[in-house]
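K.L.:
Structure below; questions to follow.
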Amino acid sequence: MRGGHCVSDIPGDLRYTSTHEWVRINDDGTASVGISDHAQDALGDIVFVELPEPGSSVNAKDEVAVVESVKAASDIYSPVSGEITAVNEALVDAPDTVNSSPYENGWFFKMKIGDETKLHELMDAHAYSKHCDDE
Amino acid sequence: MGQQTSLYQKHLDAGAKIVDFAGWDMPINYGSLIEEHNQVRTAAGVFDVSHMAVVDVGGKDAEKYLRYLLANDVAKLDEVGRALYSAMLNHDGHVLDDLIVYRMSFGYRLVVNCATRGKDLRWMIQNTDGYAVSIQERPRLAILAVHGPESINKVCEVVEEDQTNQIRGLKYFHGVELERFFIARTGYTGEKGVEFIFPDSDASELWDKLLAAGVKPIGIGARDTLRLEAGMNLYGHDMDETTSPLAANMEFTIAYEPEDREFIGKPALIAHKQLRDAGKLPELVGLVLESRGVLREGQKLVTDKGEGIITSGSFSPTLKHSIALARIPINSQSCEVDLRGTITTVRIVKPNFVRFGKKVFE
Chain A
0 MRGGHCVSDI PGDLRYTSTH EWVRINDDGT ASVGISDHAQ DALGDIVFVE LPEPGSSVNA
60 KDEVAVVESV KAASDIYSPV SGEITAVNEA LVDAPDTVNS SPYENGWFFK MKIGDETKLH
120 ELMDAHAYSK HCDDE
Chain B
0 MGQQTSLYQK HLDAGAKIVD FAGWDMPINY GSLIEEHNQV RTAAGVFDVS HMAVVDVGGK
60 DAEKYLRYLL ANDVAKLDEV GRALYSAMLN HDGHVLDDLI VYRMSFGYRL VVNCATRGKD
120 LRWMIQNTDG YAVSIQERPR LAILAVHGPE SINKVCEVVE EDQTNQIRGL KYFHGVELER
180 FFIARTGYTG EKGVEFIFPD SDASELWDKL LAAGVKPIGI GARDTLRLEA GMNLYGHDMD
240 ETTSPLAANM EFTIAYEPED REFIGKPALI AHKQLRDAGK LPELVGLVLE SRGVLREGQK
300 LVTDKGEGII TSGSFSPTLK HSIALARIPI NSQSCEVDLR GTITTVRIVK PNFVRFGKKV
360 FE
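Top to bottom, those sequences are chains A and B.
First residue of the first sequence: 0, per numbering that gives the first Met the number 0; consecutive thereafter.
First residue of the second sequence: 0, per numbering that gives the first Met the number 0; consecutive thereafter.
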């Protein structure tokens with residue numbers, strides 16, 4: 000995609016992966032995961048979301064969910080190792096929520112993180128912004 | 000940076016996301032492909048398709064030459080303004096391009112795909128031996144397509160009042176020259192509408208008037224989903240120079256009559272017919288997936304008669320499930336697709352899904 004640098008929204012309180020997932024640490028210690036504004040914009044209108052099984056154990060970089068837009072299908076990777084504790088069932092009937100609210104209502108799943116120090120290996124907003132620019 | 004149409008800045012002003020399309024910087028959408036798609040199915044949208052190549056053919060042998068060059072027969076164009084969809088075949092009877100040819104007061108006007116422009120021009124010139132024809136590309140012409148149930152009304156709001164009767168009176172695949180505009184009832188969406196072919200210096204003015212009248216700009220993303228729902232082929236995907244038109248749902252465009260007309264590829268087509276009669280030529284069909292998931296170009300298929308492949312696939316915004324065009328063994332009764340590792344049954348239908356906003360297959 001052309002158009003120069005990343006003009007998308009990148010909240011400063013989240014961590015990001017090179018594959019465009021974001022991670023938020025919730026008050027109860029679980030982590031929410033979704034895809035970035037940059038990712039939803041690149042995919043365009045999202046029409047289907049496939050979510051992981053709650054209770055399943057996943058490793059970092061496992062393919063755990065799928066997002067399909069009119070134009071493309073894309074895998075969602077687990078940012079860290081842990082256990083899936085909840086999934087956002089609302090996305091099944093309203094997948095376009097990922098387009099309209101990528102960081103809030105458009106979350107994909109929550110997980111209990113095995114080793115929280117691994118979160119520091121993910122990018123902060125500044126590094127992710129640079130990553131988007133370099134793509 | 001690629002080539003740009005004269006409306007490039009207008010696209011940016013309308014919020015377009017620009018992508019490379021065969022060397023051209025084109026708007027893929029102006030925000031939401033689905034909203035643009037629905038706009039054309041329910042109201043009216045305008046597409047800038049000035050990247051397509053316009054080639055004018057004149058000279059005293061123009062008709063004779065095109066009757067030899069094209070698989071459809073331009074002799075059917077019995078009056079100025081009429082249009083015909085045709086394949087241009089090579090000597091193997093495979094599809095070099097698909098195009099629209101209009102009969103004009105000066106001769107004929109061909110609109111060909113932008114990705115095949117150079118190849119088409121070379122082929123056309125190569126085959127002029129013995130014909131008194133002139134072949135001229137018209138790169139400074141813009142093409143705007145205005146489509147949707149409200150398109151004709153909207154167009155009539157922006158043209159001169161004395162032109163509206165002629166536009167309203169146009170039949171499908173007929174066109175008329177009105178001052179600097181050539182306007183024809185042709186298009187690529189399965190909705191009613193017109194295409195304007197006119198000097199690109201006038202493009203901005205017409206674009207602005209259409210938008211002011213409430214016509215919305217539509218990107219090439221929705222153009223693709225609209226044409227797929229209408230079951231229309233996309234060159235380079237559903238057919239190319241390795242494909243017989245008989246294996247691309249294009250037989251209706253082949254004019255076998257009159258029998259004494261020779262055209263490029265005709266002897267090969269006769270052989271393709273024999274292959275087909277022996278069940279050895281595949282066919283292009285429609286596929287429908289009513290459960291979750293999206294059929295995509297390149298996905299492999301297995302039918303009761305053998306293997307096949309999806310040539311175009313997408314989510315259908317009108318039907319709200321996935322549809323595809325696919326090439327499979329002829330007379331297949333059942334079909335399964337490998338959907339990202341999951342084998343899923345899909346339904347085989349005629350390759351025509353939506354016309355005038357409504358589902359048309361059973």
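We put the CB at the ideal spot given by N, CA and C, even for glycine.
Every value quoted in this text rests on a predicted model; they were computed, and no experiment measured them.
1) Write down the C-beta distance between ALA43/B and TYR29/B rounded to the nearest angstrom, noting that I regard them as a contact closer than 8 Å.
2) State the Cα-Cα distance for the pair MET0/A and LYS59/B, rounded to the nearest angstrom.
3) Can you tell me where the beta strand (DSSP E) holding ASP97/B begins and where it ends?
4) Taking a cut of 8 Å between CB atoms, which residues from the region 274-297 of chain B lie near chain A?
5) Along chain B, which residues have their Cβ under 8 Å away from the Cβ of ALA72/A?
6) Can you name, in chain order, every residue of its own chain whose Cβ lies under 7 Å from the Cβ of ALA71/A, other than the five neighbours on each side?
7) Below 8 Å on the Cβ atoms is my contact criterion, and I expect GLU14/A with LEU121/A to pass it. Report the Cβ-Cβ distance as a whole number of Å.
8) DSSP state of GLN135/B, grouped into three classes?
9) Got a sec: is the Cβ-Cβ distance from ASN37/B to anything in chain A below 8 Å?
10) Step through the CB atoms of chain B and report whether any lies within less than 8 Å of the CB of PRO10/A.
11) Given GLU49/A, which residues of its chain have a CB within under 7 Å of its CB, disregarding the five upstream and five downstream residues?
12) Looking at the secondary structure, which residues open and close the beta strand (DSSP E) in which ARG326/B lies?
13) If I follow the unbroken beta strand (DSSP E) through SER311/B, where does it start and stop?
14) Note the first and the last residue of the continuous alpha helix (DSSP H) segment covering SER80/A.
15) Using the Cβ count rule (16 or more neighbours within 10 Å means buried), how would you classify LYS358/B?
16) Below 7 Å on C-beta distance, what does ASN28/B contact in chain A?
17) Given that a residue counts as buried once 16 or more other Cβ atoms are within 10 Å of its Cβ, and exposed if not, what is THR302/B?
18) With DSSP run on the structure shown, which of helix, strand or coil describes TYR64/B?
19) For GLY3/A, decide whether its Cβ has a neighbour in chain B, counting only Cβ atoms nearer than 8 Å.
20) If we define contact as Cβ-Cβ less than 8 Å, is VAL46/A a contact residue for chain B?
21) Verify the CB distance criterion: does GLU67/A have a CB-CB separation below 8 Å to chain B?
22) From the beta carbon of THR224/B, is the nearest beta carbon of chain A less than 8 Å away?
23) From which residue to which residue does the alpha helix (DSSP H) around CYS131/A run?
24) Quick one, which of VAL73/B, VAL56/B, MET25/B, HIS10/B has its alpha-carbon nearest GLU256/B's?
25) Counting only runs of 3+ residues fully inside the region 38-77 of chain A, write out the beta strand (DSSP E) ranges in chain order.
26) Chain A beta carbons: is any one of them nearer than 8 Å to that of PHE314/B?
27) Decide yes or no for the touch test of the region 283-293 of chain B against the region 192-211 of chain B: beta carbon pairs closer than 8 Å, at least 3 of them.
28) If you measure between the beta carbons of ILE45/A and VAL86/A, is that distance less than 8 Å?
29) What's the C-alpha gap between HIS50/B and ALA221/B?
30) Using the rule of at least 16 other Cβ atoms within 10 Å of the residue's Cβ for burial, across every protein chain shown, is TYR171/B buried or exposed?
31) Can you confirm whether THR33/B, when its beta carbon is compared against all beta carbons of chain A, has any partner nearer than 8 Å?
32) Tell whether a beta-carbon distance below 8 Å holds between HIS93/B and THR241/B.
33) What does a CB cutoff of less than 6 Å around THR344/B pick up in its chain, not counting 5 residues either side in sequence?
34) Which residues in the same chain have their Cβ closer than 6 Å to the Cβ of LEU268/B, if we skip the five residues on either side of it in sequence?
35) Less than 8 Å between the beta carbons of MET136/B and VAL54/B, yes or no?
36) Going by Cα to Cα distance, which pick from SER313/B, TRP206/B, GLU296/B is closest to LEU6/B?
P.N.:
By the coordinates alone:
1) Locating residue 43/B in the second sequence gives position 44, where the first residue counts as 1. Locating residue 29/B in the second sequence gives position 30, where the first residue counts as 1. 15 Å between Cβ atoms; not a contact.
2) Within the first sequence, numbered from 1, the residue matching residue 0/A stands at position 1. Within the second sequence, numbered from 1, the residue matching residue 59/B stands at position 60. Confidence is the limiting factor: at MET0/A the pLDDT is only 38, short of 50, which leaves the residue's position unreliable, though a coordinate-based value still follows. When rounded, the distance between both Cα atoms is 47 Å.
3) By one-based count along the second sequence, residue 97/B stands at place 98. Looking at the DSSP string, the run of the beta strand (DSSP E) that includes ASP97/B is 94-103.
4) ARG291, GLY292, VAL293, ARG295
5) In the first sequence, residue 72/A corresponds to position 73, counting from 1. Per Cβ cutoff of 8 Å: VAL293, ARG295, ARG339.
6) Along the first sequence, read from residue 1 onward, the residue named residue 71/A stands at position 72. So the qualifying residues of the chain are LEU42.
7) The residue you call residue 14/A lines up with position 15 of the first sequence. The residue you call residue 121/A lines up with position 122 of the first sequence. For the sequence presented, residue 14/A should be read as Arg rather than Glu. Right, the Cβ-Cβ distance comes to about 4 Å (below 8 Å), so this counts as a contact.
8) Reading the second sequence from its first residue, position 136 is the one you call residue 135/B. GLN135/B: strand per DSSP, three-state reduction.
9) In the second sequence, counting from the first residue as 1, residue 37/B sits at position 38. Chain A, which has no Cβ nearer than 8 Å to the Cβ of ASN37/B, makes this no.
10) Position 11 of the first sequence holds residue 10/A. So, not an interface residue.
11) For the purposes of this step, residue 49/A is taken as residue 50 along the first sequence, with counting starting at 1. Same-chain partners within the cutoff: ALA64, VAL65.
12) Translated into positions along the second sequence, residue 326/B becomes position 327. Bounds of the beta strand (DSSP E) holding ARG326/B are 320-327.
13) Taking the second sequence and counting its residues from 1, the one referred to as residue 311/B is at position 312. Where SER311/B is concerned, the enclosing beta strand (DSSP E) stretches over 305-315.
14) Walking along the first sequence from the start, residue 80/A turns up at place 81. It is not in any alpha helix (DSSP H) - SER80/A carries neither H nor E in the DSSP assignment.
15) Numbered from its first residue, the second sequence carries residue 358/B at position 359. Result: exposed.
16) Locating residue 28/B in the second sequence gives position 29, where the first residue counts as 1. Those are GLY43, listed as they occur along chain A.
17) Residue 302/B sits at position 303 when you count from the first residue of the second sequence. It counts as buried.
18) Numbered from 1 along the second sequence, position 65 holds the residue referred to as residue 64/B. It is helical.
19) Counted from its first residue, the first sequence places residue 3/A at position 4. Any reading at GLY3/A is ruled out, since the residue's pLDDT is 40, under 50, leaving its predicted position unreliable.
20) One-based indexing of the first sequence puts residue 46/A at position 47. At least one chain B Cβ lies under 8 Å of VAL46/A.
21) In the first sequence, residue 67/A corresponds to position 68, counting from 1. Yes, GLU67/A lies at the interface with chain B (some Cβ there is under 8 Å from its Cβ).
22) Here residue 224/B refers to the residue found at position 225 of the second sequence. Chain A contact via Cβ: present.
23) Sequence index remark: in the first sequence, residue 131/A carries index 132 (1-based). 124-133 is the span of the alpha helix (DSSP H), which, as asked, contains CYS131/A.
24) One-based indexing of the second sequence puts residue 256/B at position 257. Looking at the Cα atoms, VAL73/B is the closest of the given residues.
25) Taking only runs of at least 3 residues, the beta strand (DSSP E) segments lying wholly in the region 38-77 of chain A are 45-49, 62-68, 72-76.
26) Reading the second sequence from its first residue, position 315 is the one you call residue 314/B. Yes, because at least one Cβ of chain A sits closer than 8 Å to the Cβ of PHE314/B.
27) Between the region 283-293 of chain B and the region 192-211 of chain B there are fewer than three C-beta pairs closer than 8 Å, too few to call the two in contact.
28) By one-based count along the first sequence, residue 45/A stands at place 46. By one-based count along the first sequence, residue 86/A stands at place 87. Not a contact, by the Cβ cut-off of 8 Å.
29) On the second sequence, residue 50/B is found 51 positions in, with the first residue counted as 1. On the second sequence, residue 221/B is found 222 positions in, with the first residue counted as 1. Roughly 16 Å between the two C-alpha positions.
30) Numbered from 1 along the second sequence, position 172 holds the residue referred to as residue 171/B. Classification of TYR171/B: exposed, given that the 10 Å Cβ count is below 16.
31) Numbered from its first residue, the second sequence carries residue 33/B at position 34. With the sequence shown as reference, residue 33/B is identified as Ile, and Thr is not the correct amino acid for it. ILE33/B counts as touching chain A.
32) By 1-based counting over the second sequence, the position of residue 93/B is 94. By 1-based counting over the second sequence, the position of residue 241/B is 242. A contact, by the Cβ cut-off of 8 Å.
33) Locating residue 344/B in the second sequence gives position 345, where the first residue counts as 1. The residues are GLU335.
34) Numbered from its first residue, the second sequence carries residue 268/B at position 269. Excluding positions up to five away in sequence, the list reads GLY92.
35) On the second sequence, residue 136/B is found 137 positions in, with the first residue counted as 1. On the second sequence, residue 54/B is found 55 positions in, with the first residue counted as 1. First, the residue type needs correcting, since residue 136/B is Glu and not Met in the sequence shown. Closer than 8 Å, so yes.
36) Locating residue 6/B in the second sequence gives position 7, where the first residue counts as 1. For the residues SER313/B, TRP206/B, GLU296/B, the minimum Cα distance to LEU6/B belongs to TRP206/B.
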